[in-house]
Amino acid sequence: GKKVEIVGAELHFFEPAIPFFEKALLLKPVDQQLLFETALAYANASKDRGWETVRRQIAIDLFTHLTIQDPRDSRFPFQLALIYFDSSMSDSSWEGESAGFHDQDKALRILVDIIKKEYKNVPARFAKANFLYRLGRTEDSKEEYLKVKKTIEELNDAGLVRGGLEKNDSYQNVLQNLKKIEESSLKAE
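Counting with our numbering, you get residues 42 to 230 for the letters of the sequence shown.
Take a look at the structure:
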């Protein structure tokens, strides 16, 4: 699954999409992908509004339902972890004001569970490293980024990284983040 980022002009794209999804959900049987897209729309609409609680809860309920319905698909708990973490951090809310949620630990536990089942899940490891960094746990973050780097290198050695490491965004981001951690630890000394 792809992660949808909200940028500038797209800021209010998700809110108008909600009525469409609500109508589509009335059709039977409900398609799993439609539920996933609906949950993403609610999550992003909630984020657009500074983590508005009703839309956030609908997204959480939908992703929880999808996780129960298909426990093998890690996209659903992954999105739950993103919602729980981002909505709990003041650095991802309006004007640095906390939305009042405190689910960072729950988000990390979800990612740890995903990684236990899928050791080489790069998005889950990357998110875990990012979360740890944002929580100020720099050494834990560095350790996780090194695992991501090693995993991507192993996938590359197996011929599974399209375009090689130089063109792989995840790999380049890992290198940048490790460099940032190294520079910040040098400044601290």
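The beta-carbon is built from N, C-alpha and C at its ideal position, and this holds for glycine as well.
Alpha-carbon spacing of residue i relative to residue j, whole angstroms
{"i": "THR105", "j": "PHE117", "result": "7 angstroms"}
{"i": "LYS64", "j": "SER225", "result": "50 angstroms"}
{"i": "ARG113", "j": "ALA84", "result": "22 angstroms"}
{"i": "GLN145", "j": "ARG97", "result": "15 angstroms"}
{"i": "LEU173", "j": "SER182", "result": "5 angstroms"}
{"i": "ASP210", "j": "PRO70", "result": "37 angstroms"}
{"i": "GLU93", "j": "GLY200", "result": "43 angstroms"}
{"i": "GLU223", "j": "ASP89", "result": "33 angstroms"}
Backbone secondary structure at residue i - three-state DSSP
{"i": "ASP102", "result": "helix"}
{"i": "ALA199", "result": "coil"}
{"i": "VAL163", "result": "helix"}
{"i": "GLU185", "result": "helix"}
{"i": "SER115", "result": "coil"}
{"i": "ASP72", "result": "coil"}
Identity of the residue in the options nearest residue i by Cα
{"i": "ARG166", "options": "LYS88, ALA86, TYR212", "result": "TYR212"}
{"i": "PHE77", "options": "ASP89, ARG90, ILE109", "result": "ILE109"}
{"i": "GLU195", "options": "THR179, VAL163, ARG178", "result": "VAL163"}
Exposure label - residue i; buried when at least 16 CB within 10 Å
{"i": "VAL215", "result": "buried"}
{"i": "ASN218", "result": "buried"}
{"i": "GLU185", "result": "buried"}
{"i": "VAL95", "result": "exposed"}
{"i": "GLN120", "result": "buried"}
{"i": "SER131", "result": "exposed"}
Inset, instruction - Would you check if there are 3 or more beta carbon pairs closer than 8 angstroms linking the stretch 145-156 to the stretch 93-105? - result: no
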